[in-house]
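Single-structure report; data block below.
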């Protein structure tokens, strides 16, 4: 599995990569493999591992898509902007689960920050592959070295199977998905609470919010302050603060009423 980095390690390494990339672009070997071509071929090879799981590869993403009734599962490959021909051809892998039913529900129960497009309205949860874990990690795969490339392709496919496919499988059972994903700190819990309301009903959404706040006393304290402010001045119009988002959901979806 790809080496996971702590946040300080990630910052230090990214700074070094930016410096190295700037230097390398001024002295690039014209015969070196281009990162874009290396990455596209690697992504296609990863996709070949997952065809049997029902995923279709889209070169334009590049990404993998699988439809399952109401649900759409997407695995996206993002290239590092600091890639350099012959030296670095790194990707980050992201996963997103979306629901047509949730998109329709959000149209009928809008929040100020939800987009108007069906793709954004339907998003349940997702993120960088390491953020799907209970203990978030930053993970990447670098395919620049031709001697290690196949091993890293195999490793990327295996990691997708180990982390992303079980994440997608949770949505076969919405109640299990809600209970599990509310405990993943790097995911957006407000979206999961909306999903609970859309799929399981108001009582399930209220229970999910109660459980989340009970397990996170710092956010619970901030939520109480945000809720009091929202009752006096109206809910927040922008996403980004968990306590304010939860307060807005409480008011707009009337989760504070019997």
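Numbering (our numbering), first residue to last: 215 to 472. All residues carry an ideal CB built from backbone N, CA and C; glycine is no exception. The structure presented is a predicted model; accordingly, all values stated were derived computationally and were not measured.
Original post:
Taking the continuous alpha helix (DSSP H) assigned at residue 363, which residues delimit it?
Top reply: Note, residue 363: alpha helix (DSSP H), 363 to 373.
Subject >> residue 370 to residue 443 span [Cα, whole Å] >> reply: When rounded, the distance between both Cα atoms is 46 Å.
Original post:
CA-CA distance, residue 280 and residue 310?
Top reply: Their backbone Cα atoms lie some 11 Å apart in a straight line.
**OP:** Please classify residue 341: does DSSP put it in a helix, a strand, or coil?
**Re:** If DSSP states are grouped into helix, strand and coil, residue 341 belongs with the strands.
**OP:** Compute the Euclidean distance between the alpha carbons of residue 261 and residue 384, then round it to the nearest angstrom.
**Re:** Taking the straight line joining both Cα atoms gives about 21 Å.
**OP:** Within the same chain, show all residues whose beta-carbon is closer than 8 Å to that of residue 409, passing over the 5 residues directly before and after it, in chain order.
**Re:** 313, 316, 338, 339, 388, 391, 392.
Original post:
Is it right to say residue 265 is buried, meaning 16 or more other beta carbons lie within 10 angstroms of its own, or is it exposed?
Top reply: Exposed, by the Cβ-count rule.
Subject >> Span of the beta strand (DSSP E), counted from its first residue to its last, around residue 252 >> reply: Premise fails: residue 252 lies in the alpha helix (DSSP H), 249 to 264, not in any beta strand (DSSP E).
Original post:
From residue 456 to residue 360, what distance separates their C-alpha atoms?
Top reply: Looking at the two C-alpha atoms, the distance is approximately 44 Å.
Original post:
Which of helix, strand or coil does DSSP assign to residue 308?
Top reply: Strand, per DSSP.
Subject >> Spatially closest choice to residue 447 from 256, 378, 439, by CA coordinates >> reply: Taking the Cα of residue 447 as reference, the smallest distance to any Cα among 256, 378, 439 is reached at 439.
**OP:** Work out the CA separation of residue 302 and residue 319 for me, nearest whole Å.
**Re:** Residue 319 and residue 302: Cα-Cα distance of roughly 43 Å.
Original post:
Under three-state DSSP, which class holds residue 317?
Top reply: Here residue 317 sits in helix by DSSP.
**OP:** Below 7 Å CB to CB, which residues in the same chain sit around residue 159 once its five sequence neighbours on both sides are set aside?
**Re:** The question about residue 159 has no answer, for the chain in this structure spans 215 to 472.
Subject >> C-alpha distance - residue 274 paired with residue 382, whole-angstrom precision >> reply: When rounded, the distance between both Cα atoms is 22 Å.
**OP:** Using 10 angstroms around the beta-carbon of residue 250, count the other beta-carbons present and answer buried if the total reaches 16, otherwise exposed.
**Re:** With fewer than 16 Cβ atoms within 10 Å of its Cβ, residue 250 is classed as exposed.
Original post:
Using the C-alpha atoms, what's the distance from residue 405 back to residue 327?
Top reply: When rounded, the distance between both Cα atoms is 11 Å.
**OP:** Could you tell me the distance, in whole angstroms, from the CA atom of residue 418 to the CA atom of residue 431?
**Re:** Going from the Cα of residue 418 to the Cα of residue 431 covers about 20 Å.
Original post:
For residue 470, which three-state DSSP category applies?
Top reply: In the structure shown, residue 470 sits in coil (DSSP, three-state: anything other than H, G, I, E or B).
**OP:** For residue 425, name the three-state secondary structure that DSSP assigns.
**Re:** Here DSSP, grouped into helix, strand and coil, assigns residue 425 to helix.
Subject >> DSSP state of residue 293 mapped onto helix, strand, coil >> reply: DSSP, reduced to helix, strand and coil, places residue 293 within a strand of the structure shown.
Original post:
To which residues of the same chain is residue 247 closer than 7 Å at the C-beta, ignoring the five residues directly before and after it?
Top reply: 299, 300, listed in sequence order.
Subject >> Beta-carbon proximity of residue 256 to residue 367, cut-off 8 Å >> reply: Closer than 8 Å, so yes.
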